[in-house]
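Chemist:
Number of protein chains: 2
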Amino acid sequence: MQWEQVLAPRMGRMKASEIRELLKLLDQPDIISFAGGIPDPALFPVAAFQGALTAALAPGKADAALQYSVSEGYLPLRQWLAAHMTGLGIPCGVDNILITSGSQQALDYLGKLMIGTGDTVLVNWPTYMGALGAFNAYEPVYDRLDPRDNRGAAEYTAKAAEAGGRVKFAYLSVDFANPTGETIPRADRERVLDLADDLGAAIVEDAAYQALRFDGEAVPPILALEIARKAKTGGSIEDCRTIYCGSFSKTLAPGLRVGWVCAASPVIGRLVLMKQAADLHSSTLNQMAIADVAANLFESHVAGLREVYKARRDHMLAALSREMPKGVSWTRPEGGMFVWITLPETMDGAALLARSLETERVAFVPGRAFFADGSGGNTIRLSFSRADEAAIDEGIRRLGRLIAAD
Amino acid sequence: MQWEQVLAPRMGRMKASEIRELLKLLDQPDIISFAGGIPDPALFPVAAFQGALTAALAPGKADAALQYSVSEGYLPLRQWLAAHMTGLGIPCGVDNILITSGSQQALDYLGKLMIGTGDTVLVNWPTYMGALGAFNAYEPVYDRLDPRDNRGAAEYTAKAAEAGGRVKFAYLSVDFANPTGETIPRADRERVLDLADDLGAAIVEDAAYQALRFDGEAVPPILALEIARKAKTGGSIEDCRTIYCGSFSKTLAPGLRVGWVCAASPVIGRLVLMKQAADLHSSTLNQMAIADVAANLFESHVAGLREVYKARRDHMLAALSREMPKGVSWTRPEGGMFVWITLPETMDGAALLARSLETERVAFVPGRAFFADGSGGNTIRLSFSRADEAAIDEGIRRLGRLIAAD
Numbered sequence: 528m529q530w531e532q533v534l535a536p537r538m539g540r541m542k543a544s545e546i547r548e549l550l551k552l553l554d555q556p557d558i559i560s561f562a563g564g565i566p567d568p569a570l571f572p573v574a575a576f577q578g579a580l581t582a583a584l585a586p587g588k589a590d591a592a593l594q595y596s597v598s599e600g601y602l603p604l605r606q607w608l609a610a611h612m613t614g615l616g617i618p619c620g621v622d623n624i625l626i627t628s629g630s631q632q633a634l635d636y637l638g639k640l641m642i643g644t645g646d647t648v649l650v651n652w653p654t655y656m657g658a659l660g661a662f663n664a665y666e667p668v669y670d671r672l673d674p675r676d677n678r679g680a681a682e683y684t685a686k687a688a689e690a691g692g693r694v695k696f697a698y699l700s701v702d703f704a705n706p707t708g709e710t711i712p713r714a715d716r717e718r719v720l721d722l723a724d725d726l727g728a729a730i731v732e733d734a735a736y737q738a739l740r741f742d743g744e745a746v747p748p749i750l751a752l753e754i755a756r757k758a759k760t761g762g763s764i765e766d767c768r769t770i771y772c773g774s775f776s777k778t779l780a781p782g783l784r785v786g787w788v789c790a791a792s793p794v795i796g797r798l799v800l801m802k803q804a805a806d807l808h809s810s811t812l813n814q815m816a817i818a819d820v821a822a823n824l825f826e827s828h829v830a831g832l833r834e835v836y837k838a839r840r841d842h843m844l845a846a847l848s849r850e851m852p853k854g855v856s857w858t859r860p861e862g863g864m865f866v867w868i869t870l871p872e873t874m875d876g877a878a879l880l881a882r883s884l885e886t887e888r889v890a891f892v893p894g895r896a897f898f899a900d901g902s903g904g905n906t907i908r909l910s911f912s913r914a915d916e917a918a919i920d921e922g923i924r925r926l927g928r929l930i931a932a933d
Numbered sequence: 528m529q530w531e532q533v534l535a536p537r538m539g540r541m542k543a544s545e546i547r548e549l550l551k552l553l554d555q556p557d558i559i560s561f562a563g564g565i566p567d568p569a570l571f572p573v574a575a576f577q578g579a580l581t582a583a584l585a586p587g588k589a590d591a592a593l594q595y596s597v598s599e600g601y602l603p604l605r606q607w608l609a610a611h612m613t614g615l616g617i618p619c620g621v622d623n624i625l626i627t628s629g630s631q632q633a634l635d636y637l638g639k640l641m642i643g644t645g646d647t648v649l650v651n652w653p654t655y656m657g658a659l660g661a662f663n664a665y666e667p668v669y670d671r672l673d674p675r676d677n678r679g680a681a682e683y684t685a686k687a688a689e690a691g692g693r694v695k696f697a698y699l700s701v702d703f704a705n706p707t708g709e710t711i712p713r714a715d716r717e718r719v720l721d722l723a724d725d726l727g728a729a730i731v732e733d734a735a736y737q738a739l740r741f742d743g744e745a746v747p748p749i750l751a752l753e754i755a756r757k758a759k760t761g762g763s764i765e766d767c768r769t770i771y772c773g774s775f776s777k778t779l780a781p782g783l784r785v786g787w788v789c790a791a792s793p794v795i796g797r798l799v800l801m802k803q804a805a806d807l808h809s810s811t812l813n814q815m816a817i818a819d820v821a822a823n824l825f826e827s828h829v830a831g832l833r834e835v836y837k838a839r840r841d842h843m844l845a846a847l848s849r850e851m852p853k854g855v856s857w858t859r860p861e862g863g864m865f866v867w868i869t870l871p872e873t874m875d876g877a878a879l880l881a882r883s884l885e886t887e888r889v890a891f892v893p894g895r896a897f898f899a900d901g902s903g904g905n906t907i908r909l910s911f912s913r914a915d916e917a918a919i920d921e922g923i924r925r926l927g928r929l930i931a932a933d
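Those protein sequence lines, which keep their order, are chains Y and G. When you line the first sequence up against the numbering used here, it's residues 528 to 933, in that order. When you line the second sequence up against the numbering used here, it's residues 528 to 933, in that order.
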């Protein structure tokens, strides 16, 4: 069978994620891994899930837990999320919430919803590589979004028209972003709102790490800022162009694949149709388990995560100060899981990884895959979420030695 | 926000599934429902799932059950499935298996893999409406596949070229098909293989109901027939154009959303990349639970399902013979969940449903949505999977009365 002749053109843009391939390395016991933005499994609320699953399969509930369910998602979970979002400054109801199989699925669906071949998506340089991977299936063109470069809407629009489409949305990872660990300041969020207004474009706000703030002051979600603007003239979330994507993967557990979208109800309605056609609904049982665990211990559990991850971030930043040679710089995240390293311009992150795995047995993610234009060769991403303090000390010591020897 | 201006062209083809909307009606206690192809929840193996989930969250396993996992799927489940498929006449290994979130997701991914805008997909008239819904997102043209109409490959190819693309694949629901309950005979499966060979096209074999045969002789899967052809010249599944889609939704439980694709490894490899980009992986916990339950009781559990559903089918066929007026005909399925009714040509299934819900309180699915060309107005689909014998007697009695009065 000549498969090439039956493939869709979009398949030319699908390629393996370096991060996913690296996950396979984590099983090798002598590797110190700063790769993969994955939670420390020692922190999973196992007993709470055990109780929630047992309750979901109790007489009177099991019939529903194991059965088909509505594409919108499990109503008590949507109710909890509507209240949760309201607490974040985003007053909304259940009609503004769709449950997805992780926020990765939300990114795929939003690409499918809006991107026609040749349309433009605005992204940061660098941005979450999984978002680029999801969007690529719909064959967009990327343009660089930098809220401080003072390019006006007309310039973006002209460039998009030249590429054969229009600017459909801006995608931003907003808090302790994957991969940089940086948070978009409030003033820049407001600028993005202004720009999107001028463009008539949507905003996709990826808030996967939002709950994991260790210090500093919380910045309101873009959707909260937009609702505040609309509220001045009697408007609400129904008038907003921002689509918020959330996830339980970094707070409760990624293995259950439960995330959500919060947006104006016409957007949710279209995404529900899409989900009906694409996978009917997310696992009923898992939605029930997440709803139970979230209602019982979300705040206290996340407070515990923050404490552990904060100590690891502090430890990694101290180790970097101690071990990194001159010419290397890095971010100082206020939360999340990542520190972003900029190496001297002559160095290449992918080549460094190859040497590191061979000689120092330290894993991390080369930065180039996070840049839509393939630049950023001299950057790497380190995650501090899964390494204990001794591993951080030893791993950063080895990495510093390797970089200094280059 | 003017959402229309940021929507992709494909969104013009997304519409609500009548079946999914009807599911909402099933909660009304006085409705006798023959709608929805959904299992009887009284038959779910609840205790087995309870045990499997408890085992998956035991110390030493919980870390993996709640964590991210590989996009290919949980290895022990893929191993069980490779053995299961081999038992169906499809010798294969784990590299030929991808776990999906139900076989609905497999249909979405296969559309995404192969359909470029304007390409042709061959389908039966009628066919599974959920397949049409999944494929529609990729903007295909449909052409009618009837293995007995003697249209040659040249005719299909010319028509596809006229529509602006080529024939990418034929989609067939093979056993006790949704919606007709009919099984494609072996000779027709061989004809479809010949046609696909001539077209250079793939075959998507939807075997969601395959395990639910009550009587008659099993027909080999198209993929098994193709492997048998290739084996004569030393070939294997790696040389086959048929892509088999399976599901645990009709045998163990739909609420966990676990299905699979079995195909040549280059197809599986591309689908793994797609799944990475679209939702990372299916629920780790649910895959572990299904693997455990399948290994322990798949055969015995399915034997029990067959017995119950066979009795309901027999009861429904007897009731139809007793209650239906002249001019109404129906299929006699050898398994599955559905009987397909053809009404007199002047009658309309959707209008009948509206009257039925109002006066007789009997639900079913009008047939038109199963036809890619919108024909089939005088057909309806009845499911016998969820109704007990008294409800079948009463429901068919009322339906016969309604049709006779028309």
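Note that CB positions come from ideal geometry on N, CA and C, so glycine has one too.
Residues of the region 594-605 of chain Y with a CB closer than 8 Å to any CB of chain G: list them in chain order, please.
Modeler: The region 594-605 of chain Y vs chain G, Cβ under 8 Å: Q594, Y595, S596, V597, S598.
Chemist: Using a C-beta cutoff of 8 Å, does W530(G) count as contacting chain Y?
Modeler: Within the second sequence, numbered from 1, the residue matching residue 530(G) stands at position 3. Yes, contact with chain Y.
Chemist: Contact between the region 589-603 of chain Y and the region 799-818 of chain Y: three or more CB pairs below 8 Å?
Modeler: Yes, the region 589-603 of chain Y touches the region 799-818 of chain Y.
Chemist: If we cut at 8 Å on Cβ distances, does P747(G) have a partner in chain Y?
Modeler: By 1-based counting over the second sequence, the position of residue 747(G) is 220. Not one chain Y Cβ lies under 8 Å of P747(G).
Chemist: Does the region 536-543 of chain G come close enough to the region 902-914 of chain G that 3 or more CB-CB pairs lie under 8 Å?
Modeler: In short, these stretches do not touch, since the Cβ pair count stays below three.
Chemist: At 4 residues or longer, and completely inside the region 738-783 of chain G: list those alpha helix (DSSP H) runs for me, N to C.
Modeler: For the region 738-783 of chain G, whole alpha helix (DSSP H) runs of length 4 or above, ordered along the chain, are 749-758.
Chemist: Under three-state DSSP, which class holds T906(G)?
Modeler: For the purposes of this step, residue 906(G) is identified with residue 379 of the second sequence, where counting begins at 1. Here T906(G) sits in strand by DSSP.
Chemist: Chain G beta carbons: is any one of them nearer than 8 Å to that of F898(Y)?
Modeler: Locating residue 898(Y) in the first sequence gives position 371, where the first residue counts as 1. No - not a single Cβ of chain G is within 8 Å of the one on F898(Y).
Chemist: Sort P747(G), A728(G), C767(G) by Cα distance to A738(G) and report the nearest one.
Modeler: Position 211 of the second sequence holds residue 738(G). When each option's Cα is compared against that of A738(G), the closest is P747(G).
Chemist: Which value, in whole angstroms, describes the spacing of the CA atoms of Q803(G) and C772(Y)?
Modeler: Taking the second sequence and counting its residues from 1, one reaches residue 803(G) at position 276. Taking the first sequence and counting its residues from 1, one reaches residue 772(Y) at position 245. The straight-line gap from Cα to Cα measures roughly 18 Å.
Chemist: In three-state DSSP terms, what is K652(Y)?
Modeler: The sequence position of residue 652(Y) within the first sequence is 125, counting from 1. For the sequence presented, residue 652(Y) should be read as Trp rather than Lys. Correct three-state label for W652(Y): coil.
Chemist: Considering only the alpha carbon of each residue, which of G762(Y), R678(Y), A735(Y) lies closest to A723(Y)?
Modeler: For the purposes of this step, residue 723(Y) is taken as residue 196 along the first sequence, with counting starting at 1. Comparing Cα positions, the closest option is R678(Y).
Chemist: Can you grab the Cα-Cα spacing for the pair A562(G) / V892(G), in whole Å?
Modeler: Locating residue 562(G) in the second sequence gives position 35, counting from the first residue. Locating residue 892(G) in the second sequence gives position 365, counting from the first residue. Spanning the two alpha carbons is a distance of roughly 5 Å.
Chemist: My guess is that D733(Y) and L699(Y) are in contact by the Cβ rule of under 8 Å, so how many angstroms apart are they, rounded?
Modeler: Taking the first sequence and counting its residues from 1, the one referred to as residue 733(Y) is at position 206. Taking the first sequence and counting its residues from 1, the one referred to as residue 699(Y) is at position 172. Right, the Cβ-Cβ distance comes to about 7 Å (below 8 Å), so this counts as a contact.
Chemist: What does K542(G) touch in chain Y if you count any residue whose Cβ is under 8 Å from its own?
Modeler: Counting from 1 along the second sequence, the entry for residue 542(G) is found at position 15. Simply L800.
Chemist: Classify Y669(G) as helix, strand or coil using the three-state DSSP reduction.
Modeler: Sequence index remark: in the second sequence, residue 669(G) carries index 142 (1-based). Strand, per DSSP.
Chemist: What is the residue span of the alpha helix (DSSP H) that K686(Y) lies within?
Modeler: The sequence position of residue 686(Y) within the first sequence is 159, counting from 1. That run of the alpha helix (DSSP H) goes 680-689.
Chemist: Restricting to Cα atoms, I'd like to know which of G863(G), E861(G), W867(G) is closest to V855(G).
Modeler: On the second sequence, residue 855(G) is found 328 positions in, with the first residue counted as 1. Nearest of G863(G), E861(G), W867(G) to V855(G), Cα basis: W867(G).
Chemist: Going by other Cβ atoms of all chains shown within 10 Å of its Cβ, with 16 needed for buried, is G614(G) buried or exposed?
Modeler: Along the second sequence, one-based indexing puts residue 614(G) at 87. It counts as exposed.
Chemist: Does the Cβ of Q529(Y) have 16 or more other Cβ atoms within 10 Å, making it buried, or fewer, making it exposed?
Modeler: The sequence position of residue 529(Y) within the first sequence is 2, counting from 1. So Q529(Y) ends up on the exposed side.
Chemist: Can you tell me whether Y698(G) is helix, strand or coil according to DSSP?
Modeler: In the second sequence, counting from the first residue as 1, residue 698(G) sits at position 171. Strand.
Chemist: Using CA atoms only, rank isn't needed, just tell me which of I626(G), Y601(G), L570(G) is closest to A583(G).
Modeler: Here residue 583(G) refers to the residue found at position 56 of the second sequence. For A583(G), the nearest C-alpha among the options comes from Y601(G).
Chemist: Counting along the chain, where does the alpha helix (DSSP H) carrying G614(G) start and finish?
Modeler: For the purposes of this step, residue 614(G) is identified with residue 87 of the second sequence, where counting begins at 1. Where G614(G) is concerned, the enclosing alpha helix (DSSP H) stretches over 602-614.
Chemist: Hey, quick one: how far does the alpha helix (DSSP H) through L625(Y) stretch, first residue to last?
Modeler: For this step, residue 625(Y) is matched to residue 98 along the first sequence. Unbroken run through L625(Y) is the beta strand (DSSP E), 624-627; no alpha helix (DSSP H).
Chemist: Within 10 angstroms of the Cβ of S827(G), are there 16 or more other Cβ atoms? Answer buried if so, exposed if not.
Modeler: By one-based count along the second sequence, residue 827(G) stands at place 300. Exposed is the call here.
Chemist: Alpha carbon to alpha carbon, how far is L570(G) from R713(G)? Give it in angstroms, no decimals.
Modeler: Locating residue 713(G) in the second sequence gives position 186, where the first residue counts as 1. Locating residue 570(G) in the second sequence gives position 43, where the first residue counts as 1. Those two C-alpha atoms are separated by around 31 Å.
Chemist: Taking only runs of the alpha helix (DSSP H) that begin and end inside the region 563-606 of chain G, which ones reach a length of at least 4 residues, in chain order?
Modeler: Entirely contained in the region 563-606 of chain G, the alpha helix (DSSP H) runs reaching 4 residues are, in chain order, 573-583, 589-592.
Chemist: When you compare the region 740-754 of chain Y with the region 620-627 of chain Y, are there three or more beta-carbon pairs, one atom per stretch, that lie closer than 8 Å?
Modeler: Verdict: no, contact absent.
Chemist: If you drop the 5 nearest sequence neighbours on each side, which residues of the same chain put their C-beta closer than 7 Å to that of G708(Y)?
Modeler: Position 181 of the first sequence, counting from 1, holds the residue named residue 708(Y). Only T858, P860, G863, F865, V866, W867 meet the Cβ criterion.
Chemist: So, A816(G) versus A609(G), is the Cβ gap smaller than 8 Å?
Modeler: Position 289 of the second sequence, counted from the first residue, corresponds to residue 816(G). Position 82 of the second sequence, counted from the first residue, corresponds to residue 609(G). No; because the gap between Cβ atoms is not below 8 Å, this pair is not in contact.
Chemist: With 8 Å as the threshold, decide whether the Cβ of A821(Y) is near any Cβ in chain G.
Modeler: Within the first sequence, the letter at position 294 stands for residue 821(Y). No, its Cβ sits nowhere closer than 8 Å to a Cβ of chain G.
Chemist: Between which two residues does the alpha helix (DSSP H) harbouring V719(Y) extend?
Modeler: Along the first sequence, read from residue 1 onward, the residue named residue 719(Y) stands at position 192. It spans 713-726 - the alpha helix (DSSP H) in which V719(Y) sits, taken as one unbroken run.
Chemist: Tell whether a beta-carbon distance below 8 Å holds between R913(G) and S630(G).
Modeler: What you label residue 913(G) is simply residue 386 of the second sequence in a count that begins at 1. What you label residue 630(G) is simply residue 103 of the second sequence in a count that begins at 1. Contact flag unset, no.
Chemist: Would you list the residues sitting across from C619(Y) in a DSSP beta bridge?
Modeler: For this step, residue 619(Y) is matched to residue 92 along the first sequence. Paired residue(s): none; C619(Y) is not in a bridge.
Chemist: Would you give the residue range spanned by the beta strand (DSSP E) that A729(G) belongs to?
Modeler: The residue you call residue 729(G) lines up with position 202 of the second sequence. Segment 729-733, the beta strand (DSSP E) holding A729(G).
Chemist: Could you check where the beta strand (DSSP E) with V788(Y) kicks off and where it finishes?
Modeler: On the first sequence, position 261 is the one that residue 788(Y) refers to. It spans 786-789 - the beta strand (DSSP E) in which V788(Y) sits, taken as one unbroken run.
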